[in-house]
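First up is the structure itself, then whatever we jot down about it.
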Amino acid sequence: MKSDKKFERFINVTIKEGDKETVNWMKRKEYWLSSISKLYSAIKTRWLHDYIKQNKIVVRQEEITLQEDFFGTYQTNQIIITIGSRILILKPIGGIISGAYGRIDIKGTKGTINLILNESAQWEYKVKTPFVEYIILDKHAFLEIIEELM
Amino acid sequence: MSSKRNPGPEYPDLIELAEWHEANIASLKIYKERVFEATVNPSLTILSKFRGLQDEEIHETFDLIEDEVKKLFLFSILSVTEGNIRKDFFDRINDAANKDTVSKKYRKLYDKAGSPEKARVIKLQSLLDIWKLTFTAQKTKDKIGQYKTNLHFRHWMAHGRYYPLGFHANYEPRKIARECEEIIRMIAQTKI
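Residue numbers (this note's numbering), protein chains in the order written: chain A, 1 to 150; chain B, 1001 to 1192.
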């Protein structure tokens, strides 16, 4: 049973390798990485800008290393948002995921919310209402997420 | 009291239930492939539930669903078997022509219960104990014993799994359906 599952995993990776020719993985990786940068930029220069300027919120960036089947090993950044003694981390999880072009998890003391990247370069966040839905992320939603998770 | 003599949605055939379980698992495997395909081609439409998953998470999610589907079908198989045993109980006590040992013992149980309503909630265990004493072949007794053990799982499911099952239920619907079908057939054929 266990070896069946292991073999199934091998098959799935092999099938994806077959599709490798048809996918421009380099372009996809660039899209994923540049979208992360654009999101961080929106957070720092627009969504939280006023609070950062007033030293009410501190945002710092840390380099992390990810490894994925067709992207190889690469560096990107996570950001850590600090308000008082509470922190929130936006951590990129991967660019090869189902039904989207990448995922960032927002982790706070009260839980985690997933962000996924769609093909229109928009970020969507996962909500349970109670069923799973994805809603486009904007400033208003992001501020609500901070409140909910911190 | 073979399930084949009670066709219709209220009394699904046990073997068919096991086959429906397999059809569900086969369908899940096809959908799982689609979700994997959506990692290569993200524009492929998949249910929201399965968006944003990495390979290992896809495996874990589908493992959970498969396990739940299996539990639900096992629950159906075990409870339909119970329904058949209870229907046989009422068939036997309602037909005065039944003079066999089991029918006599059943009537005693029924009289002790005092009313049809109370007879409906006689413990299944009591009915099975009668069968275990009636069958002489050890193999048959063992089958009843096995069904009684499997009932722990049926009760655990029926009561919302609020307590630990206490053991790892590694049941295969096909195997359990075959065993239960055999019990139902033996009960229907036994007029001793």
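We treat Cβ as the ideally placed atom computed from N, Cα and C, and that holds for glycine. Keep in mind the model is a prediction, meaning the values are calculated, not measured.
As assigned by DSSP and simplified to three states, the class of residue i
i, result
"D105/A", "strand"
"K1099/B", "coil"
"V23/A", "coil"
"T65/A", "strand"
"K91/A", "strand"
"Q75/A", "strand"
"N1150/B", "helix"
"L1165/B", "coil"
"A121/A", "coil"
"K1191/B", "coil"
"Y151/A", "The question about residue 151/A has no answer, for chain A in this structure spans 1 to 150."
"N114/A", "strand"
Within 8 angstroms, strictly: CB atoms of residue i and residue j
i, j, result
"L1151/B", "S1126/B", "no"
"D1088/B", "K1191/B", "no"
"I104/A", "I146/A", "no"
"I36/A", "R1051/B", "no"
"G99/A", "I1122/B", "no"
"V23/A", "V1035/B", "no"
"I1015/B", "E1182/B", "no"
"M1186/B", "T1149/B", "no"
"M1157/B", "K1071/B", "yes"
"F1073/B", "L1017/B", "yes"
Min CB distance residue i to chain B below 8 angstroms
i, result
"L39/A", "no"
"S85/A", "no"
"A141/A", "no"
"I121/A", "Reading off the sequence shown, one finds Ala at residue 121/A, where the question assumed Ile. For A121/A, the answer is no, since every Cβ of chain B falls outside 8 angstroms of its Cβ."
Any chain A beta carbon closer than 8 angstroms to residue i
i, result
"L1053/B", "yes"
"F1050/B", "yes"
"P1164/B", "no"
"I1065/B", "no"
"P1042/B", "yes"
Touching by the beta-carbon criterion (3+ pairs, under 8 angstroms), the segment 95 to 114 of chain A and the segment 41 to 52 of chain A: no
If we require 4 or more residues per run, which alpha helix (DSSP H) segments fall completely within the segment 1101 to 1148 of chain B? 1101 to 1113, 1116 to 1120, 1124 to 1134
Contact the segment 1168 to 1179 of chain B vs the segment 1012 to 1029 of chain B: 3+ CB pairs below 8 angstroms: yes
Uninterrupted alpha helix (DSSP H) stretches inside the segment 1051 to 1096 of chain B (no shorter than 4 residues): 1055 to 1094
If we count Cβ pairs, one from each stretch, closer than 8 angstroms, do we get three or more for the segment 1071 to 1082 of chain B versus the segment 133 to 148 of chain A? no
Between the segment 1028 to 1038 of chain B and the segment 78 to 96 of chain A, are three or more C-beta pairs nearer than 8 angstroms? no
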